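Below is one structure, written out as structure tokens; the observations come after it.
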Amino acid sequence: MTRIAFIGVGNMGAGMASNQVKAGRAVSAFDLSAAALDRAVAGGCTPAGSVAEAVKDAEVVITMLPAGKHVRAVYETDILPNVPRTALLIDCSTIDVDSARAVGEMARAAGVRFGDAPVSGGIMAADAGTLAFMVGCEEADFAAFEDALSPMARAVFHAGALGAGQAAKICNNMVLGISMLGVCEAFALAEKLGLAPEKFFDIASKSSGQCWSLTTYCPWPGPVEAAPSNRGYEGGFLTALMLKDLKLAQDAAAKANATTPMGAQAEALFAMFDGLGYGQKDFSAVLQLMRGKLGELA
Ligand code: NAD
228 MTRIAFIGVG
238 NMGAGMASNQ
248 VKAGRAVSAF
258 DLSAAALDRA
268 VAGGCTPAGS
278 VAEAVKDAEV
288 VITMLPAGKH
298 VRAVYETDIL
308 PNVPRTALLI
318 DCSTIDVDSA
328 RAVGEMARAA
338 GVRFGDAPVS
348 GGIMAADAGT
358 LAFMVGCEEA
368 DFAAFEDALS
378 PMARAVFHAG
388 ALGAGQAAKI
398 CNNMVLGISM
408 LGVCEAFALA
418 EKLGLAPEKF
428 FDIASKSSGQ
438 CWSLTTYCPW
448 PGPVEAAPSN
458 RGYEGGFLTA
468 LMLKDLKLAQ
478 DAAAKANATT
488 PMGAQAEALF
498 AMFDGLGYGQ
508 KDFSAVLQLM
518 RGKLGELA
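Position 150, counted from 1, in the sequence shown is what the working numbering calls 377; the numbers after and before it change by one each time, with no gaps.
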């Protein structure tokens, strides 16, 4: 039975860890939060008293932590000094490219395989085992990453070398943030011009304005039943998380000397929306800011 150590079993990690259990793997879990750890135990994981205890016999270590500083600290202080050299180390958190590369270099120096493998998909996909993983690792190691991640995945992509997973994630989410704002602006303009929003949806979804933000995740309530816009913009992909990813993209762009003016605008708009108190709403709720109808948000 494959032995997995799972560090960080919060909103995303708990469901991911329990999908490893369902696949017949032995999962030793650790989290600083007792409530989070309890949820993982309810999902079939064995609780560990520390990161060191969780990783000491692990064949695979998976981390799902808030940000780069947590990932750097946990690998440097707790994982690398205690993990068997044969283990496969996988960080699934969304973090900055520099931290992913720095942790990868530390692991390489310690003689352990490491890859960055951030995910696309939210808590529902984590629970359902239908996340998409973008992996940055050595080509020769990719099959091992694919095997380790498969119980949690609908797709596992090899993005390239160390750090490429995080690069793919922030570039993808920059497209998502920008395209959602474009769709919201278009709905707000259509309404002002007296064009029925549902009619605009029917036409644009079969014209060149078609995109995922319109046809799968429509911010205007009605046309796409499964979209968060039909549930008061609850759940879904939180504005605060979209803002986090756009900040990561802007930081990376500044360091790489890349020109990303639309990404910068998107960051500023989602920062404003977050600052107005809507960080816990789905990011498509920004439509109501564009319409000047924030009062319609509970
Ligand atoms: P979360 O805050 O619910 O979970 C993170 C967990 O890490 C918490 O339970 C926290 O107690 C634990 N933790 C922090 N420091 C720790 C340490 N030193 N040792 C052990 N545990 C520690 O966050 P989340 O929503 O599960 O997100 C996790 C990561 O996944 C983030 O990087 C986030 O950007 C990314 N992500 C989230 C979503 C989403 O929809 N929530 C979607 C895609 C990616």
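Just so it is clear, CB atoms sit at the ideal spot from N, CA and C, and this is done for glycine as well.
Source: prediction; values computed, not measured.
Contacting residues, own chain, Cβ-Cβ under 7 Å from GLY462 (five flanking each side not counted): PRO455 and ASP509
Hey, is the stretch 370-386 in contact with the stretch 402-417, meaning 3+ C-beta pairs nearer than 8 Å? no
Could you name the residues of the same chain whose beta carbon sits closer than 7 Å to that of GLN437, not counting the 5 residues immediately before and after it, in chain order? ALA431
Between which residues of its own chain and LEU465 is the CB-CB distance below 8 Å, once the five residues before and five after are set aside? GLY506, GLN507, LYS508, ASP509 and PHE510
Uninterrupted alpha helix (DSSP H) stretches inside the stretch 337-425 (no shorter than 4 residues): 350-355, 369-376 and 391-419
Could you give the DSSP three-state label for LEU473: helix, strand or coil? helix
Give a yes or no on whether the minimum CB-CB distance between GLN477 and chain C is below 9 Å. Given the protein chain composition of this structure (a single chain), no chain C is represented.
Contact belief for LEU503 with LEU521 at Cβ below 8 Å, rounded distance in angstroms: 7 Å
Return helix, strand or coil for ARG252, following the three-state DSSP convention. coil
Can you tell me whether THR273 sits near the ligand NAD, meaning its C-beta is under 8 Å from at least one heavy atom of the ligand? no
Does the structure place the stretch 388-396 close enough to the stretch 350-370 that three or more beta carbon pairs sit under 8 Å? yes
Would you say MET361 touches the ligand NAD, meaning its beta carbon is less than 8 Å from a heavy atom? no
Does the distance from the C-beta atom of ASP343 to that of ASP318 stay below 9 Å? yes
When you measure from the CB of PHE257 to every non-hydrogen atom of the ligand NAD, does any distance come out below 8 Å? yes
Answer yes or no: do ARG252 and MET228 have a C-beta to C-beta separation smaller than 9 Å? yes
Residues bridged to PHE257 by DSSP? ILE234
Cut-off 8 Å between Cβ atoms - residues of its own chain near THR487, not counting five sequence neighbours on either side: MET401, ALA476, GLN477 and ALA480
Cβ separation of VAL301 and LEU292, assumed to be a contact under 8 Å, to the nearest whole Å: 6 Å
Determine the burial state of ALA512: buried for a count of at least 16 other Cβ atoms within 10 Å of its Cβ, exposed for fewer. buried
Just checking PRO424 against the ligand NAD - is the residue's beta carbon closer than 8 Å to any of the ligand's heavy atoms? no
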